[in-house]
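Under UniProt numbering, the residues of the sequence shown are numbered 1 to 339, in order.
Yeah, the Cβ is synthetic: ideal placement off N, Cα and C, and Gly gets one too.
Let me begin by presenting the structure, written as structure tokens, before commenting on it.
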Amino acid sequence: MSTTQAARTYNQEHVLRNRTAGRRRISIYWTWSYPWEAQRDPAALDNRFSTMTEVRRVAWPSYETPEWDETHFLQGIAGTLELFHRSTLHFQALAGELTGHPVAVFQRIDQAGYQLPIDERILADTDTLMVFGLDHVLGQEEAQPDEVAAIQDWLRREGTCLLLAPHHDVGFTDDTRQREIEYLHHGDPLVPRQQRFSHYTRSLLKALDVPVHNKWGLRPAVAPAGSNNIAPLTAFSDLDTLGLLGEVTTFNFHPHLPHYELTAPESDAVRVLARQRVDPTRPHPFTEAGNTELNALIWMPPTGRRAGDIVLVDSTNFTTLFGGTDSLANFWRNFSLLR
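In structure tokens:
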């Protein structure tokens, strides 16, 4: 009997991957408490994920086939969380093919209520750890001292790479007028006037002395104007000795990208490798202040006792929820095959 898709497993312990010289073992870590996020009150206007019913209404008729109905798929907030899981499958498949190792996927607190902090159980067989910061600030998830110590020790190992992906911070003010301007700027009816992400990842940034703050939710410019083809990156290839941007001209179009604001001067130790032009036709405090581009990709090379690399880029660049291009696949390839 042949099938087009491998059997899927659930509710079992992680099987350790043996080290293979020159081939990375990649792990994804979702920073959310799945139960906390999934059980947010759908009547709340702000700081929650959309329900699947809301997604279906906005994206109609994309999810009106039988596999998305209530007998096959969750219709509440949990359904939207599962869309995120499904959206990384293409990246996982490509990375697995390139490295010879399956991509391991962990959650801080999973559907069944099992809590998994970042510790040796995750790090022992991981060369590249991708921390996807999709926990809402309101959930107050925070990296504990033991986690920070474990990550610092792991980063002393040659060949490690920590990807930190704090997400957007929309409407972080009490000024309702500014919130409305931000909402009209990104134009996504599924993102409320206030949606603040990445409390856990921010705590890691602080603990690891990474001088970056995720700010705003900015709509990228498109080329040509009027299309949904994202404008090319402004790449600084001379700084990219890591090779992340080889044959990469664009990232994913996503209507509310975070700006990775530097809290220390740019230097050889903190390199902005790529910036993304922001849509100039939609007013926003960021552009009104004279800014035209957001920081989209940052690299901190090894330094001192830290032998591993630290990379910052938004998690949407590893998903297909908002489309995908050959350029994005090249980025996945480069990232999977890091030296």
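Two segments are said to touch when three or more pairs of C-beta atoms, one from each, lie closer than 8 Å; by this definition the stretch 209-226 touches the stretch 178-189. Contact fails between the stretch 99-111 and the stretch 50-57, because fewer than three Cβ pairs, one in each stretch, are under 8 Å apart.
Three or more pairs of CB atoms, one per stretch, sit closer than 8 Å, so the stretch 141-148 contacts the stretch 199-218. DSSP places Arg-306 within a strand segment (E or B) once states are collapsed to three. Taken in chain order, the unbroken stretches of alpha helix (DSSP H) that lie wholly in the stretch 94-148 and span 4 residues or more are 120-123. In the DSSP assignment, Gln-178 falls outside any beta strand (DSSP E) and within the unbroken alpha helix (DSSP H) covering 176-186. Comparing alpha-carbon positions, the option among Val-212, Thr-173, His-168 lying closest to Ser-198 turns out to be His-168. With fewer than three CB-CB distances shorter than 8 Å, the stretch 262-269 does not count as touching the stretch 150-170. In the DSSP annotation of this structure, the continuous segment of the alpha helix (DSSP H) that includes Ile-77 starts and ends at 77-87. Contact check between the stretch 318-328 and the stretch 174-183: fewer than three CB pairs, one atom from each, fall below 8 Å, which does not count as touching. Each of Arg-305, Thr-316, Asp-240 was checked against the Cα of Leu-257, and the nearest Cα belongs to Thr-316. Judged by DSSP secondary structure, Glu-288 falls within the alpha helix (DSSP H) whose first and last residues are 285-288. In the same chain as Thr-319, and ignoring 5 residues on each side of it, the C-beta atoms closer than 6 Å to its own belong to Ser-87, Thr-88, in chain order. Of Gly-243, Asp-240, Ala-235, the smallest CA-CA separation from Phe-251 is found for Ala-235.
The three-state reading of DSSP puts Phe-197 in strand, counting E and B together. Inclusion of Val-311 and Leu-163 in the CB contact set at 8 Å is warranted, their separation being smaller than that value. With contact defined as three or more Cβ pairs closer than 8 Å, the stretch 123-130 and the stretch 272-284 are not in contact. With a contact defined as Cβ atoms closer than 8 Å, Ala-296 and Ala-269 miss out at about 19 Å. Cα atoms of Val-137 and Thr-173: separation of roughly 13 Å, rounded to the nearest angstrom. Secondary-structure assignment with DSSP links Leu-312 through a beta bridge to Leu-164, Ile-298.
For Val-272, the closest alpha carbon among the candidates Phe-335, Leu-245, Phe-286 is that of Leu-245. The Cβ atoms of Gln-276 and Glu-288 lie no closer than 8 Å to each other.
Counting only the Cα atoms, Asp-240 lies some 35 Å from Ile-109. Put simply, of Thr-20, Ala-43, His-90 the residue whose alpha carbon is nearest the alpha carbon of Gln-5 is His-90. Non-local C-beta neighbours of Ser-50 in its own chain, meaning closer than 6 Å and more than five positions away in sequence, comprise Thr-80, Leu-190, ordered along the chain. When DSSP states are grouped into helix, strand and coil, Val-58 belongs to the helix group. With contacts defined as CB atoms closer than 8 Å, Ala-21 and Arg-157 fail to qualify as a contacting pair. Going by DSSP, Ala-329 is part of the alpha helix (DSSP H) stretching over 326-336. Taking 3 residues as the minimum length, the beta strand (DSSP E) runs contained wholly in the stretch 206-237 are 212-218, 233-235, in order along the chain. In this structure, the beta-carbon distance from Trp-32 to Gln-107 falls below 8 Å. For Asn-47, same chain residues with a beta-carbon under 7 Å away, outside a window of 5 residues either side, are His-136, Leu-138, Gln-194, Gln-195, Arg-196 in chain order. In this structure, the beta-carbon distance from Ala-95 to Ile-26 falls below 8 Å. Inclusion of Asp-309 and Leu-242 in the CB contact set at 8 Å is warranted, their separation being smaller than that value.
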